[in-house]
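Number of protein chains: 2
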Amino acid sequence: MNIGDVSRRSGLPAKTIRYYEDIGLVTPQRSENGYRAFRDSDLHKLAFLGRARTLGFSIEDCRTLMALYEDGERESAQVKAVAQQHLDEIDAKIAQLESMRDTLAHLVHCCAGDSRPDCPILSDLAAG
Amino acid sequence: MNIGDVSRRSGLPAKTIRYYEDIGLVTPQRSENGYRAFRDSDLHKLAFLGRARTLGFSIEDCRTLMALYEDGERESAQVKAVAQQHLDEIDAKIAQLESMRDTLAHLVHCCAGDSRPDCPILSDLAAG
DNA sequence: CATAAGGGTTCCAGTCACGGGAAGGTCAAG
DNA sequence: CTTGACCTTCCCGTGACTGGAACCCTTATG
């Protein structure tokens with residue numbers, strides 16, 4: 001498989017796949033013409049990575065998860081710990097965004113949004 | 001005021017204040033010794049920027065909001081439009097994170113987290 | 001046979017909003 | 001005179017790519 005095929009099948013842009021090779025997440029072989037030659041196992045890995053990234057795991061987390069996936073001796077507790085920590089971070093991020101949203105929604109609600117200059121949004125930003 | 005004073009009063013790191021000068025958000029004067037000399041109006045601007053950033057506005061949005069704030073001829077509709085768009089983006093981000101959280105929470109819940117290798121988290125990532 | 005299209009390759013620069021750290025100038029106190 | 005707390009500029013690094021330039025390989029067509 002060339003990179004285009006793998007890109008279509010995994011849903012990852014070719015650029016991303018090259019980047020993943022750069023940082024050592026996949027190591028495709030090379031054809032005589034210099035093209036990357038992906039095996040099924042490479043495609044499988046890339047699909048795995050794509051799904052992990054979709055769940056918001058960092059590249060380093062993905063590296064860890066891949067290593068655990070390939071390690072028959074792993075303990076599921078290790079995987080769960082990584083996932084739980086990520087979950088906590090997501091919860092924190094959501095809480096932060098919701099706080100922003102609440103403040104902002106209130107301000108937007110209070111702003112007339114007409115042709116006059118008076119604006120509670122700017123007043124709030126100016127005054128704290 | 002030197003940058004340290006402004007930093008303490010605005011809550012912004014000195015590094016950030018220098019960066020804001022770099023990109024033209026504030027233009028403090030200079031003392032004879034080369035130190036930045038901030039006026040009250042500069043401090044006020046920086047506090048404004050700090051609060052806007054706290055609400056998650058991008059630097060470019062902040063630039064726009066500052067310009068509107070300083071424009072006596074502004075229409076509140078312009079401000080509201082910027083804020084509403086940002087609010088929409090926040091809502092989208094929250095929705096995305098919640099989707100991640102739901103999937104992830106389910107997987108974490110299903111994972112035994114013990115010393116055995118079987119793990120539904122890895123199975124899900126591997127199989128889609 | 002020339003060429004054009006549609007692959008592939010490398011490498012460099014840019015993104016966003018700063019933060020870290022080096023190398024050095026300035027100022028008030030002891 | 002030295003110490004220490006300031007301040008200055010400059011350059012590199014962050015995360016996870018994305019865009020683009022300049023170039024090579026393969027296949028089909030006039």
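In order, the protein sequence lines correspond to chains X and H.
Each residue of the first sequence is one higher than the one before, counting from 1 in full-length UniProt numbering.
Each residue of the second sequence is one higher than the one before, counting from 1 in full-length UniProt numbering.
Don't be surprised by glycine CBs; every beta carbon is placed ideally from N, CA and C.
Are the beta-carbon atoms belonging to residue i and residue j less than 7 Å from one another?
i                 : j                 : result
Leu43 of chain X  : Arg9 of chain X   : yes
Arg63 of chain H  : Leu125 of chain X : no
Ile3 of chain X   : Ile17 of chain X  : yes
Leu104 of chain H : Leu55 of chain X  : yes
Ser58 of chain X  : Arg116 of chain H : no
Arg101 of chain H : Ile121 of chain X : no
Pro28 of chain X  : Ala14 of chain X  : no
In the DSSP assignment, find the unbroken alpha helix (DSSP H) run with residue i in it and report its ends.
i                 : result
Ser99 of chain X  : Ser76 to Cys110
Pro120 of chain X : Pro120 to Ala127
Return the Cβ separation of residue i and residue j in integer angstroms, given the expectation that the two are a contact with Cβ distance under 8 Å.
i                : j                 : result
Leu49 of chain X : Leu68 of chain X  : Wrong, their Cβ atoms sit about 13 Å apart, outside the cutoff.
Val79 of chain X : Cys111 of chain H : 7 Å
Leu65 of chain H : Val108 of chain X : Not quite, the Cβ-Cβ distance comes to about 13 Å (not below 8 Å), so this is no contact.
Leu46 of chain H : Tyr20 of chain H  : 7 Å
Is there at least one non-hydrogen atom of the ligand NAD closer than 6 Å to the beta-carbon of residue i?
i                 : result
Arg101 of chain H : No copy of the ligand NAD occurs in the structure displayed, which carries no ligand at all.
Every unbroken alpha helix (DSSP H) inside the UniProt domain "HTH merR-type" (1-68) of chain X [4 residues or more]: 3-10, 14-22 and 40-54
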